[in-house]
Amino acid sequence: MQAGAEDIQQSATDFLYLVSNHPEFAETDDADELAAWMVAMSKYPWPDAGKPATAWWRQTHSSAWLIAALANAGPEERDELIQAAEQLPPAGGAYESVAYYAIRLERKTGHDDQARRWADRALIHNLLRASRNWILTERRDLARNWHEFLRFSLRRPAPRVIDHDGKEVHGAVIVDRPPEARVLMQRVAELQPEASVVRKGPWKRGMRMRRTVSPSM
């Protein structure tokens, strides 16, 4: 398949469709590094993409492959990849992506405390707004109490320009994709005791004052 010079995005989309839907192209990602990386970072990578991605990282020691390996790894690759990720300096160009996928890998493998530490360290730095929003989302989902949930729920909108079929459209302002209502409902049960403390604060005192002024209430 020849890449189209005028529309590289469409060429990449066509390639990923062929690799994902036609078995005869299944070995492509083993033969070509760029093809392998595209498949590993696509929306629907192979179920065992962590192993070949980690193998490519061992061979190249490329930060691009470290990101792909972290994004797809399982428990077997976790220790090696996390150790490599910790060596990456915050000033490095790949740091934000490495930190984000390291957090997700720690969560996926059941290391929530380590995931929190990753997020807390990353958020100290001057991150791109979009990167900060995604890491804040992960940290919010790891909240241990009501205070943390509220603290990490605040994000600043980041602009995004979407281009479909060659037609440019106005930028859309987004915060993040995870549905806030679903996350909130999942947290309500365990956060209820702390929420009751909030209700006993100034709001309750204000209600007592209103009742004093208007007994009919």
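Position in the sequence shown (first residue = 1) + 1498 = the working numbering. Beta carbons are placed, not taken as given, at the ideal position from N, Cα and C, and that holds for glycine.
Beta-carbon separation (whole angstroms), residue i vs residue j, contact threshold 8 Å
{"i": "Arg1627", "j": "Arg1654", "result": "6 Å"}
{"i": "Ile1633", "j": "Ala1597", "result": "7 Å"}
{"i": "Arg1638", "j": "Phe1650", "result": "4 Å"}
Neighbourhood of residue i by C-beta, 7 Å cutoff - its chain only, sequence neighbours within 5 removed
{"i": "Thr1552", "result": "Ala1567, Ala1571, Glu1575, Leu1579"}
{"i": "Ala1582", "result": "Leu1564"}
{"i": "Ala1656", "result": "Arg1627, Ala1628, Asn1631, Ile1672"}
{"i": "Gly1548", "result": "Ala1567, Asn1570, Ala1571, Gly1572, Glu1575"}
N- and C-terminal bounds of the alpha helix (DSSP H) containing residue i
{"i": "Gly1591", "result": "Premise fails: Gly1591 is in no alpha helix (DSSP H) and is neither H nor E."}
{"i": "Gly1548", "result": "1548 to 1558"}
{"i": "His1609", "result": "Taken as a continuous stretch (DSSP letters only), His1609 belongs to no alpha helix (DSSP H), as it is neither H nor E."}
{"i": "His1645", "result": "1644 to 1649"}
{"i": "Trp1632", "result": "1627 to 1639"}
Local conformation of residue i per DSSP, three classes
{"i": "Pro1657", "result": "strand"}
{"i": "Met1539", "result": "coil"}
{"i": "Gln1585", "result": "coil"}
{"i": "Asn1570", "result": "helix"}
Close Cβ partners of residue i (< 6 Å) along its chain, the five nearest in sequence each way excluded
{"i": "Tyr1593", "result": "Leu1586"}
{"i": "Met1539", "result": "Ala1566"}
{"i": "Arg1605", "result": "Ala1613"}
{"i": "Ala1510", "result": "none"}
{"i": "Thr1607", "result": "Pro1573, Arg1576"}
8 Å CB neighbourhood of residue i in its chain, flanking five on each side removed
{"i": "Leu1625", "result": "Glu1594, Ile1633"}
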